[in-house]
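Step one of this worksheet: look at the structure below.
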Amino acid sequence: MEAVIAINNLKKSFPDNPVLQGVDILVNQGENVVVLGRSGSGKSVLIKIVAGLLKPDSGEVKVLGQDVAALDTMALQALRQHIGFSFQGSALYDGMSVKENLEFPLVRNKRNLNKKQVAEAVEQVLSDVGLLHTINQMPSELSGGQKKRIGIARTLILHPEIMLYDEPTGGIDPITCVELNHLINKVQKQYNTSAIIITHDLTCARMTGNRVAMLLDGKISRLGSFDEIFDTDDERIRGFYNYNFIHQP
Amino acid sequence: MILIIEGINLGHLNRVKNMIGCRYRRLTMAEHVNKMEGIEQKEPVSKRISHFFSGLYEIQQFIFRFFRETFTPPFEFKEIVRQCYQIGYRSLAIISLTGFITGIVFTKQSRPPLAEFGATSWLPSMISIAIIRALAPLITALIAAGKIGSNIGAELGSMNVSEQIDAMEVSGTNPFKFLVVSRVLASTLMLPMLMLYASLIGLMGSYLNVHQNEQTSFIAFFHDAFVKISYLDVFASIIKSTVYGFTIGVTGCFLGYRASQGTVGVGKAANSTVVISMFLIFIEEMIIVQIVNAIR
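Just so you know, the protein sequences line up as chains A and B, in that order.
All the letters of the first sequence, read from the start, carry residue numbers 41 to 289 under my numbering.
All the letters of the second sequence, read from the start, carry residue numbers 45 to 340 under my numbering.
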């Protein structure tokens with residue numbers, strides 16, 4: 041299987057804080073890789089580097105065969121049309137309605153579409169996330185779970201090949217979390233995406249991850265299936281499991 | 045390791061110092077009070093100077109980037125027009141009120157000294173010189189710094205801390221072009237227009253007061269008002285307002301674009317935009333006045 045994301049010996053530090061100290065991950069075509077780790081372990085930094093929002097100190101990050109850090113602005117913008125990023129806080133544009141939020145990336149990246157095609161694309165992607173009825177609402181009128189879904193919808197409208205989810209279930213009630221996990225799996229099947237999902241929610245990890253990576257001390261300490269990850273005596277990893285409530289699907 | 049010991053007398057302090065072989069110094073009263081109130085110690089002067097110059101460098105890079113992005117396609121015409129509406133049209137009400145009151149109040153205050161010399165007939169031309177050369181550009185800019193500058197700083201700051209700018213960037217849009225270029229261009233274009241409008245409204249307010257007292261006709265008032273106004277006066281005011289508009293736009297966008305630390309950072313960006321814009325406006329006023337007077 042071809043790796044769509046290849047991270048090799050990635051290092052990133054901030055003043056007085058070495059965050060990533062040699063991360064290695066491969067994400068294959070069509071698979072979801074969940075990166076687990078404690079808060080502040082560098083998970084968000086990792087996927088921001090993959091999306092080109094941050095530059096690594098050293099190491100290599102290749103997305104669809106291209107070294108992200110080496111790309112110029114135009115090339116990076118072109119690559120980003122293949123990447124969807126679901127932010128932790130949804131990052132919906134406050135001053136725009138749901139419809140305008142979804143139209144925004146579409147009209148800028150696909151300038152040959154007419155108004156009817158844009159409207160159809162917006163309605164299609166809203167139907168996929170089950171929120172067609174919110175089309176004319178403002179982000180402030182949406183619940184947390186709805187914002188997350190609209191955020192995902194906004195990334196899906198460009199039909200990306202790669203999805204990056206930053207804490208998709210963060211701050212959401214358990215029932216809505218499960219619905220979001222199902223949505224992530226639906227996106228994987230329907231849009232044939234590969235994804236890195238960063239989370240500290242074990243239910244999300246179990247439900248959505250084809251493989252799970254544990255980020256500890258700035259490195260990937262374990263990589264495998266969900267059950268393989270926690271088959272260890274390492275107290276730091278066992279503690280992650282023991283202090284979490286697991287949803288049995 | 046730094047150890048802070050309170051309430052120890054010098055004799056005991058010397059014994060402790062000899063025992064553990066350390067250096068010590070007494071806190072000044074200010075340091076002691078700050079420590080008790082949990083106030084952070086100020087940075088050393090050298091660090092603050094270093095921050096100041098690195099900040100200047102960042103602003104210079106920001107301005108260069110603005111000019112580069114302005115002349116590079118694709119162009120965000122729709123967003124520029126939308127910002128012109130927000131900045132220009134939406135400010136008309138407050139500019140009208142401020143301009144009108146400025147005209148009336150300035151006329152009222154100028155009348156008594158002129159009346160002493162029997163020179164109230166000079167009022168229209170004196171008021172117009174004051175309004176067109178100085179008051180309209182300055183007052184419009186100060187109002188704009190408060191209204192428009194704080195809005196830009198807060199809006200961009202809020203977008204920055206909630207990752208909306210990152211979202212824009214990841215979706216293949218150039219957020220700098222969409223957010224910064226549009227706003228700076230809009231404020232640069234709209235401020236001269238607002239200034240001209242404020243001048244007109246100010247003169248209307250002045251006319252009202254003059255007509256009340258001297259029963260001067262509308263045409264006579266405006267004839268007298270413009271007889272001493274040259275093209276240089278109007279041109280200089282337009283240039284001033286353009287510079288002020290650019291300053292307000294760049295300051296708001298720069299501070300908002302790099303806001304951090306959540307809502308505290310957003311508040312700081314909005315507040316700093318107003319303060320720094322006003323400060324720069326006065327500096328620019330001083331410089332431009334010297335240049336114009338030299339030409340005159």
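By construction, the Cβ of each residue, glycine as well, lies at the ideal position given by its N, Cα and C atoms.
These numbers come from a predicted model, not from an experiment.
{"Query": "Give a yes or no on whether the minimum CB-CB distance between Ser94 of chain B and chain A is below 8 Å.", "Result": "no"}
{"Query": "In whole angstroms, what is the alpha-carbon distance linking Asn49 of chain A and Gln106 of chain A?", "Result": "16 Å"}
{"Query": "With Asn253 of chain B as the anchor, note down where its beta strand (DSSP E) starts and where it stops.", "Result": "No beta strand (DSSP E) contains Asn253 of chain B, which is instead part of the alpha helix (DSSP H) from 226-258."}
{"Query": "So, for Ile183 of chain B: in the same chain, excluding its five sequence neighbours on each side, which residues have a beta-carbon less than 8 Å away from its beta-carbon?", "Result": "Thr142, Gly143, Thr146, Ala242"}
{"Query": "Counting only Cβ-Cβ distances shorter than 9 Å, please list the residues of the region 207-219 of chain B near chain A, keeping chain order.", "Result": "Glu207, Gln208, Ile209, Asp210, Ala211, Met212, Glu213, Val214, Ser215, Gly216, Thr217, Asn218"}
{"Query": "Quick one: grab the DSSP three-state call for Cys66 of chain B.", "Result": "With a pLDDT of 49 at Cys66 of chain B, under the threshold of 50, the modelled position of this residue cannot be trusted, and the question is left open."}
{"Query": "If Ser234 of chain A sits next to Arg251 of chain A, beta carbons under 8 Å apart, how far is it from one beta carbon to the other, in whole angstroms?", "Result": "Not confirmed; about 11 Å, so no contact."}
{"Query": "If you draw a straight line from the C-alpha of Ser316 of chain B to the C-alpha of Ala303 of chain B, how long is it?", "Result": "11 Å"}
{"Query": "I need the DSSP call for Ser215 of chain B, collapsed to helix, strand or coil.", "Result": "coil"}
{"Query": "Can you give me the Cβ contacts of Pro181 of chain B inside the same chain, cut-off strictly under 6 Å, excluding the 5 residues immediately before and after it?", "Result": "Met239, Ser281, Lys284, Ser285"}
{"Query": "Taking buried to mean at least 16 other C-beta atoms within 10 Å of its own C-beta, is Asp268 of chain B buried or exposed?", "Result": "buried"}
{"Query": "Counting only beta-carbon separations shorter than 8 Å, does Pro96 of chain A have a partner in chain B?", "Result": "no"}
{"Query": "Using the C-alpha atoms, what's the distance from Ile107 of chain B back to Pro118 of chain B?", "Result": "19 Å"}
{"Query": "Using the C-alpha atoms, what's the distance from Leu276 of chain B back to Phe150 of chain B?", "Result": "23 Å"}
{"Query": "Indicate the three-state DSSP secondary structure (helix, strand or coil) for Leu94 of chain A in the structure shown.", "Result": "coil"}
{"Query": "Restricting to Cα atoms, I'd like to know which of B:Gly162, B:Glu213, B:Ala163, B:Tyr288 is closest to Glu328 of chain B.", "Result": "B:Tyr288"}
{"Query": "So, helix, strand or coil for Val165 of chain A, using DSSP?", "Result": "helix"}
{"Query": "Cα separation between Ala230 of chain B and Ile131 of chain B?", "Result": "7 Å"}
{"Query": "Can you tell me which of the three DSSP states Pro58 of chain A falls into?", "Result": "strand"}
{"Query": "Could you tell me which chain B residues have their CB closer than 9 Å to the CB of Lys121 of chain A, listed as they occur along the chain?", "Result": "Lys is not the amino acid found at residue 121 of chain A; the sequence shown has Gln there. Simply Ser215, Gly216."}
{"Query": "Distance, Cα to Cα, Phe266 of chain B vs Leu93 of chain A?", "Result": "58 Å"}
{"Query": "Between B:Lys221, B:Ile173, B:Arg155, which has its C-alpha nearest His255 of chain B's C-alpha?", "Result": "B:Arg155"}
{"Query": "Report the rounded CA-to-CA distance for Arg227 of chain B versus Val318 of chain B, giving the unit in angstroms.", "Result": "16 Å"}
{"Query": "For the alpha helix (DSSP H) that Val271 of chain B lies in, which residues bound it at each end?", "Result": "262-271"}
{"Query": "At the 8 Å Cβ level, is Leu256 of chain A part of the contact set with chain B, yes or no?", "Result": "no"}
{"Query": "Just checking my contact of Leu142 of chain A with Arg189 of chain A at CB under 8 Å: how many whole Å lie between their CB atoms?", "Result": "The Cβ separation is near 11 Å, so there is no contact."}
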